[in-house]
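Q: Have a look at this one.
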Amino acid sequence: MPLDPDLRIRLDAWREAAGLEALLLTSPFSVDWASGHETSIETGPNPFAGGPTLLLVEAGRVALLYPDCEAPDLAALGLEGLAYPSYAPAGSLAPHRHWLETARRLLAGNNPRSLGVETAGLPAALAPLVADARPVDADLAALRAIKTPREVTALRAALDLCDHAQTVLRTLVRPGRTELEIWGDLRTALETRAGRRLPLLADFVAGPRTGDIGGAPSSRPVAAGEWVLADIVPRLGNYWGDICGVIPAGEPGGRFHGLKKIAGEALDLAISLVKPGAIAGDIDEAVRACIRGHGHEPYPHHTGHGIGVCYHEAPRIVADDRTPLAPGMVIALEPGVYLPGEAGVRLEDVVLVTATGCEVLTRHRRNS
36 MPLDPDLRIR LDAWREAAGL EALLLTSPFS VDWASGHETS IETGPNPFAG GPTLLLVEAG
96 RVALLYPDCE APDLAALGLE GLAYPSYAPA GSLAPHRHWL ETARRLLAGN NPRSLGVETA
156 GLPAALAPLV ADARPVDADL AALRAIKTPR EVTALRAALD LCDHAQTVLR TLVRPGRTEL
216 EIWGDLRTAL ETRAGRRLPL LADFVAGPRT GDIGGAPSSR PVAAGEWVLA DIVPRLGNYW
276 GDICGVIPAG EPGGRFHGLK KIAGEALDLA ISLVKPGAIA GDIDEAVRAC IRGHGHEPYP
336 HHTGHGIGVC YHEAPRIVAD DRTPLAPGMV IALEPGVYLP GEAGVRLEDV VLVTATGCEV
396 LTRHRRNS
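One point on numbering: in my numbering, the residue at position 51 of the sequence shown is 86, and numbering is uninterrupted.
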């Protein structure tokens with residue numbers, strides 16, 4: 036989508052306050068966030084690219100370095116483009132040489148001492164050119180954690196797909212069907228709703244596998260009385276959704292209702308604690324104490340995490356994260372209860388931190 040003007044204003048204000056004339060963004064997450072460019076991830080890294088896509092942000096200029104075989108719609112994005120030769124239908128390939136030459140042109144004229152550089156995706160070939168630049172990875176993570184109104188709208192659209200997934204699964208999960216059969220039908224339903232291909236991650240397991248937290252769908256049939264633990268994570272445009280629910284195959288047996296009640300209570304507690312100024316690690320501690328209070332060992336994963344152009348962003352709701360929550364953060368909360376090798380339940384909702392508390396953006400538990 037076109038460059039978010041609110042995001043650009045915020046980024047420029049931070050750059051100027053930091054005394055920097057320019058920023059070089061190197062990770063695909065930050066490049067997509069600050070440019071609106073959509074990095075393709077369905078097939079992995081482009082073998083014809085000579086290096087990562089880079090973005091240089093200056094006062095009055097946002098310039099994207101990219102391989103010519105991936106030409107984005109620069110006019111729609113409001114970007115200046117620097118393309119380099121990549122795929123050659125005939126003859127030898129030299130994309131790295133072309134990428135490096137173009138990257139040098141991108142950085143020409145910038146004083147390294149007034150340049151901020153994201154080091155997360157910085158290639159070694161560029162390191163000598165920016166040796167005196169200021170690392171800005173932590174600053175970018177904090178900036179990305181606070182969403183603009185346009186980003187919240189994009190996240191709502193991705194989360195609508197997540198809610199739709201949980202609704203559709205109630206019609207797809209039946210005894211005798213394999214995890215892969217159900218997963219294939221779900222993916223088709225989500226891409227049909229979106230009207231496009233979707234990068235899509237998931238924990239999608241049933242039966243005893245639910246006690247081991249997650250994993251990819253397998254050819255194992257779902258038995259009557261079991262349930263599917265479905266943690267569905269689609270990317271729509273540049274923004275990710277994330278949601279987890281449990282769907283029974285027929286009348287659930289075993290400890291389903293008891294585990295679901297505990298996980299739901301823990302999730303409700305987590306949501307109630309989200310407000311401006313709340314400390315991420317304190318929420319994690321309180322929710323784990325809730326699980327212990329029911330006689331279970333706490334889950335071996337995080338209590339929650341931010342989402343945006345990456346499906347795990349700041350803040351992290353973990354014990355050692357002392358980040359105070361702030362309005363505009365969008366956080367997925369996902370406590371679970373697991374009996375290894377036997378059964379498990381994880382429930383997840385996504386919330387937007389508001390001025391007075393939070394808004395629950397997902398609806399699947401209210402609609403179930």
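Where is the CB? At the ideal position from N, CA and C, for every residue including glycine. All of these numbers come straight from a predicted model, not from anything done at the bench.
Quick one: what does DSSP say glycine 219 is sitting in, helix, strand or coil?
A: Here glycine 219 sits in helix by DSSP.
Q: Starting from alanine 57 and walking both ways along the alpha helix (DSSP H), at which residues does that stretch end?
A: No alpha helix (DSSP H) contains alanine 57, which is instead part of the beta strand (DSSP E) from 57–60.
Q: Measure how close the beta-carbons of leucine 235 and arginine 222 come, nearest whole angstrom, since I'm counting them as under 8 angstroms.
A: Confirmed, about 6 angstroms.
Q: Can you give me the Cβ contacts of alanine 160 inside the same chain, cut-off strictly under 6 angstroms, excluding the 5 residues immediately before and after it?
A: Leu135, listed in sequence order.
Q: Determine, using beta carbons only, whether threonine 88 and proline 63 come nearer to each other than 8 angstroms.
A: Cβ distance < 8 angstroms, so threonine 88 and proline 63 count as in contact.
Q: Give me whichever residues DSSP pairs with isoleucine 314 in a beta bridge.
A: Pro359, per the DSSP bridge assignment.
Q: Name the DSSP beta bridge partners of isoleucine 282, please?
A: In DSSP, isoleucine 282 forms a bridge with Val263.
Q: Kindly indicate the opening and closing residues of the alpha helix (DSSP H) around glycine 293.
A: Segment 291–308, the alpha helix (DSSP H) holding glycine 293.
Q: Which same chain residues end up closer than 8 angstroms to valine 309 when comparing Cβ atoms and leaving out the 5 residues on each side of it in sequence?
A: So the qualifying residues of the chain are Ile318, Leu360, Ile366, Leu368, Val386, Val388, Gly392, Cys393.
Q: Which whole runs of the alpha helix (DSSP H) in the stretch 172–224 are 4 residues long or more, in chain order?
A: Counting only runs of 4 or more, we get 172–180, 184–207.
Q: Applying the criterion that 16 or more other CB atoms from any shown protein chain within 10 Å of the CB defines a buried residue, is lysine 182 buried or exposed?
A: Lysine 182 should be labelled buried.
Q: With distances taken Cα to Cα, identify the nearest neighbour of alanine 52 among Trp218, Gly299, Glu214, Ser149.
A: Looking at the Cα atoms, Ser149 is the closest of the given residues.
Q: By how many angstroms is the C-alpha of leucine 142 removed from the C-alpha of isoleucine 342?
A: C-alpha separation (whole angstroms): 31 angstroms.
Q: Under 8 angstroms by Cβ, that's how I've got arginine 132 and leucine 164 pegged, so tell me the actual separation to the nearest angstrom.
A: With a Cβ gap of about 16 angstroms, arginine 132 and leucine 164 do not count as contacting.
Q: Can you check DSSP and say which residues form a bridge with leucine 150?
A: Answer by DSSP bridge pairing, in chain order: Ala57.
Q: Only counting the same chain, and skipping five residues up and downstream in sequence, which positions put a Cβ closer than 7 angstroms to that of histidine 329?
A: So the qualifying residues of the chain are Ile297.
Q: Measure how close the beta-carbons of alanine 390 and proline 311 come, nearest whole angstrom, since I'm counting them as under 8 angstroms.
A: Contact holds; Cβ gap of about 7 angstroms.
Q: Spell out a yes or no on whether the stretch 271–283 and the stretch 178–193 are touching, meaning 3 or more CB-CB pairs, one atom from each, closer than 8 angstroms.
A: The stretch 271–283 is in contact with the stretch 178–193.
Q: Are serine 65 and glutamate 153 close, meaning C-beta to C-beta below 8 angstroms?
A: For serine 65 and glutamate 153, yes; Cβs fall inside 8 angstroms.
Q: Just to check my reading of the structure: alanine 349 and alanine 176 have Cβ atoms closer than 8 angstroms, yes? What is that Cβ distance to the nearest angstrom?
A: At roughly 5 angstroms, the Cβ-Cβ gap stays under 8 angstroms, so alanine 349 and alanine 176 are in contact.
Q: Work out the CA separation of isoleucine 306 and alanine 313 for me, nearest whole Å.
A: Taking the straight line joining both Cα atoms gives about 11 angstroms.
Q: Does the distance from the CB of alanine 301 to the CB of isoleucine 267 come in under 8 angstroms?
A: Cβ atoms of alanine 301 and isoleucine 267: not closer than 8 angstroms.
Q: Confirm, please, whether the CB-CB distance from glycine 156 to arginine 50 is below 8 angstroms.
A: Taking 8 angstroms as the Cβ cut-off, arginine 50 and glycine 156 do not qualify as a contacting pair.
Q: Which residue comes first and which comes last in the alpha helix (DSSP H) that contains valine 66?
A: Looking at the DSSP string, the run of the alpha helix (DSSP H) that includes valine 66 is 63–70.
Q: Determine, using beta carbons only, whether arginine 228 and leucine 178 come nearer to each other than 8 angstroms.
A: No. Outside cutoff.
Q: Expressed to the nearest angstrom, what Euclidean distance is found between the alpha-carbon atoms of valine 353 and alanine 251?
A: Each residue's Cα considered, the two are about 24 angstroms apart.
Q: Given 7 angstroms as the limit, tell me if leucine 135 has its C-beta closer than that to any heavy atom belonging to the ligand COA.
A: With respect to small molecules bound, the structure shown includes none, and the ligand COA cannot be examined in it.
Q: Can you have a look at alanine 168 and say buried or exposed, based on whether 16 or more other CB atoms are within 10 angstroms of its CB?
A: So alanine 168 ends up on the buried side.
Q: Just curious, the alpha helix (DSSP H) that histidine 133 is in, first and last residue?
A: Element bounds for histidine 133: 130–142.
Q: So what does proline 256 bridge to, in DSSP terms?
A: DSSP, once it has assigned bridges, lists Thr213 as partnering proline 256.
Q: Just verifying my parser: in three-state terms, what is the DSSP assignment at proline 370?
A: Coil.
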